[in-house]
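Novice: Numbering (the numbering used here), first residue to last: 157 to 518.
Glycine is no exception: its CB is placed at the ideal position from the N, C-alpha and C atoms.
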Ligand SMILES: *Cc1c(COP(=O)(O)O)cnc(C)c1O
């Protein structure tokens, strides 16, 4: 049996470190915005070689708060892609702004920069490139388009902790970047969590106010804010896991490379030459998706689809007004993609077994 995902194996490998960290927090009696969150923020900023990091309650809230910090709201447009976690678009709409969808490339499955310019209008305030499945978008042309028009770039790094673009980690290129620490992400907490990173001191300051009622001083709101805080337990856990992230990402890449070497019956993910992906997911394309899934599942091999419906195909987002013909690549991908099991603890033997089972559908 090869499950699609197994979080218990990783805990076994770091159990003593995690148990020490959680015991330290429980004994301290300090649970919200304390020393663990501050230390994690410093370490997470240093990991990205950026000046500021702020822990928040989730990846969705990280995107929402980052957009609010950029001053985005009703009447504005924010461009992103149709093949993303619904969180990206939900966060845009929470600000009152309108989400504009730009189709993706068939090879990288990432935002198609050639189409991006056409999606820009005088109301466009920000672009959210999503580094989907652990691979960086082609950031240079996006940044060039955005800077020429004074449009902000918010990187959605929820699936790309540690991925690089032209030698530097994603998240350090845009005006601001958002991370999720949902348990299954490359860097995952044991609960919800998120972070925002930036080099801009004024933006970081607004983020820190927004995440806690607009407080600079306790009980005195400078601006209207909310409650979205990373807690001390999750921060202590994330500090342990951050030390293992590069090794875990390398293990993911090794397994991904073996899949790509062995797979013949499906289109493997395409690695773009400009960076090093971290394979949050290993997503293949095949028009024979149903027989592939049935064959794997009959051998107790888990599969998943990220995501079975593009944003514009979901009932809640018909308001955006797109048909499949407007976004043909993302619409086709929603029908043809399958995610194969991939995590650092998956054995290379299991990778071979999955690849053999996939090749049977050829
Ligand atoms: C997981 C994810 C999010 C949202 O993160 P949560 O912590 O679950 O709110 C946003 N964007 C992408 C691309 C994601 O994969």
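For residue 359 versus residue 334, is the C-beta spacing smaller than 9 Å?
Specialist: The criterion of a C-beta distance shorter than 9 Å is not satisfied by residue 359 and residue 334.
Novice: Would you list, in sequence order, the uninterrupted alpha helix (DSSP H) runs of no fewer than 4 residues that lie entirely inside the segment 231-287?
Specialist: 242-250, 269-275
Novice: Is it the case that the CB of residue 257 approaches a heavy atom of ligand 1 more closely than 8 Å?
Specialist: no
Novice: Three Cβ pairs or more, each shorter than 8 Å: is that satisfied between the segment 417-426 and the segment 277-285?
Specialist: Too few Cβ pairs lie closer than 8 Å, so no.
Novice: Within the same chain, show all residues whose beta-carbon is closer than 7 Å to that of residue 396, passing over the 5 residues directly before and after it, in chain order.
Specialist: 170, 173, 174, 177
Novice: State the Cα-Cα distance for the pair residue 460 and residue 449, rounded to the nearest angstrom.
Specialist: Cα to Cα, the separation comes out at about 9 Å.
Novice: Helix, strand or coil for residue 502, going by three-state DSSP, please let me know.
Specialist: coil
Novice: Consult DSSP for residue 379 and reduce its assignment to one of helix, strand or coil.
Specialist: coil
Novice: Taking DSSP's pairing of strands, which residues face residue 371 in a bridge?
Specialist: 377
Novice: At least one CB of chain C closer than 9 Å to the CB of residue 302: is that the case?
Specialist: No chain C appears in this structure, which consists of one protein chain only.
Novice: Check whether the Cβ of residue 291 sits closer than 8 Å to any heavy atom of ligand 1, and report yes or no.
Specialist: Not under cutoff, so the answer is no.
Novice: With which residues is residue 321 paired in a DSSP beta bridge?
Specialist: 324, 431
Novice: For residue 210, does the three-state DSSP call read helix, strand or coil?
Specialist: strand
Novice: By alpha-carbon positions, which one of 430, 505, 514, 503 ends up nearest to residue 495?
Specialist: 514
Novice: Would you call residue 157 buried or exposed, if buried means 16 or more other Cβ atoms sit within 10 Å of its Cβ?
Specialist: exposed
Novice: Could you tell me the boundaries of the beta strand (DSSP E) in which residue 312 lies?
Specialist: 308-312
Novice: Identify which residue in 361, 268, 322 has its Cα closest to the Cα of residue 378.
Specialist: Closest by C-alpha distance to residue 378, out of 361, 268, 322, is 361.
Novice: Is there contact between the segment 254-269 and the segment 409-422, where contact requires at least three CB pairs shorter than 8 Å?
Specialist: no
Novice: Taking residue 161 as the reference, which of 192, 506, 487, 313 has the closest Cα?
Specialist: 506
Novice: Which residue's Cα is closest to the Cα of residue 144: 238, 261, 270, 262?
Specialist: In the structure displayed, the chain extends from 157 to 518; residue 144 sits before or after that span and is not available.
Novice: Using only CA atoms, which one of 432, 249, 508 lies nearest to residue 475?
Specialist: 249
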